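*Asks:*
Protein chains: 2
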Amino acid sequence: MTYERILTALADPTRRAIFEDLRGAPLQVTRLANRHPISRPAVSQHLKVLELAGLVMAQAEGTARLYRADPKGLAPLRAYLDTVWGDVLDAFADEVTQQMEDQNTRNRDQNR
Amino acid sequence: MTYERILTALADPTRRAIFEDLRGAPLQVTRLANRHPISRPAVSQHLKVLELAGLVMAQAEGTARLYRADPKGLAPLRAYLDTVWGDVLDAFADEVTQQMEDQNTRNRDQNR
DNA sequence: ACTTACAGTAAGTCATGACTTACGAAAGAA
DNA sequence: TTCTTTCGTAAGTCATGACTTACTGTAAGT
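Read top to bottom, the protein sequences are chains A and B. Its first residue numbered 1, the first sequence is counted upward by one per residue in the working numbering. Its first residue numbered 113, the second sequence is counted upward by one per residue in the working numbering.
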């Protein structure tokens, strides 16, 4: 599943910051490196991870490369969260109704 | 922000698997350890991380501890994803309209 | 009181991955 | 062509964190 790569890609703080930098206008690697206290190759490596996760796309512009956020990149993770969250809520609801039934049973037995 | 802890908590595969095990009914630590090829203390450590991230709650039951998924645990991460995703989509829409305007300008200049 | 079952913490090991510097490649400018 | 800019990759270092075993604590059963 691709949401795994998205999770590990966004887990690292500086890599997540780089991704957030690309929310707006596209940026080239040197620009990104200037925004963070790490070397340019480090930024390239982070961009590679983000690209493999589908979060980011690259576009050649002369010798430079313009990186931008992929609009569909976060979709798999969102879908995953929705299903898991739904499951948790369902189980929670089941437990609540279960406890209510137990309560009713206890009251019924008490009124015999 | 608390979504950071959620991200790092869910990034690890076995820890994510443990969290998913708790989607349904609550489980005690030994049960969880039996489902995975790691020791019981390792599971305890993972549960600690999940608990600090707000993804999981514990409830004492004799000497055992019942762990369950917190229904609100994923909410901060979902909110974060929504805002970022919205920003990306907005920027993408801006770019598209920008390109359309450029196209119109070019056509206009061409028709002079 | 003693034993059993269940769990958290401490301490140490080891692999992963986030960095660095050095190097090579490709495209535009002089 | 040569120089410059921009970038990716290779290789090596170092810290973090995911494990292990050993120990301690606590509640329940006999």
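Where is the CB? At the ideal position from N, CA and C, for every residue including glycine. Since we're looking at a predicted model, the values are computed, not measured.
1) Which value, in whole angstroms, describes the spacing of the CA atoms of residue 91(A) and residue 135(B)?
2) With 8 Å as the threshold, decide whether the Cβ of residue 61(A) is near any Cβ in chain B.
3) Output needed for residue 127(B): all residues of its chain with C-beta closer than 8 Å, excluding positions within five of it in sequence on either side, in chain order.
4) Measure the alpha-carbon distance for residue 43(A) versus residue 18(A) and round it to whole angstroms.
5) Shortest alpha-carbon distance to residue 176(B) belongs to which of 188(B), 119(B), 143(B) and 206(B)?
6) Got a sec: is the Cβ-Cβ distance from residue 209(B) to anything in chain A below 8 Å?
7) Can you tell me whether DSSP reads residue 23(A) as helix, strand or coil?
8) Out of 141(B), 184(B) and 201(B), which has the shortest C-alpha to C-alpha gap to residue 166(B)?
9) Suppose you measure from the CA of residue 114(B) to the CA of residue 189(B); what does that come to, to the nearest Å?
10) Could you check where the alpha helix (DSSP H) with residue 123(B) kicks off and where it finishes?
11) From 75(A), 4(A) and 11(A), pick the residue whose C-alpha is nearest to that of residue 116(B); which is it?
12) By DSSP, does residue 66(A) sit in helix, in strand, or in coil?
13) Give the range of the beta strand (DSSP E) segment to which residue 172(B) is assigned.
14) Can you give me the C-alpha to C-alpha distance between residue 27(A) and residue 192(B), rounded to a whole angstrom?
15) Would you report the Cα separation of residue 7(A) and residue 13(A), rounded to the nearest angstrom?
16) Determine the burial state of residue 94(A): buried for a count of at least 16 other Cβ atoms within 10 Å of its Cβ, exposed for fewer.
17) Go through its chain and collect everything with a Cβ distance to residue 169(B)'s Cβ below 6 Å, but skip five positions before and after it.
18) Could you tell me how far apart the beta carbons of residue 74(A) and residue 197(B) are, in whole angstroms, since I believe they sit closer than 8 Å?
19) Just the Cα atoms here: how many angstroms apart are residue 52(A) and residue 59(A)?
*Replies:* Answer, in terms of the structure:
1) 7 Å
2) no
3) So the list reads 121, 158, 161 and 162, once near-sequence residues are dropped.
4) 8 Å
5) Closest by C-alpha distance to residue 176(B), out of 188(B), 119(B), 143(B) and 206(B), is 143(B).
6) no
7) coil
8) Closest by alpha carbon: 184(B).
9) 8 Å
10) 115 to 123
11) Nearest option by C-alpha distance: 11(A).
12) strand
13) 168 to 173
14) 22 Å
15) 12 Å
16) exposed
17) 180 and 182
18) 5 Å
19) 15 Å
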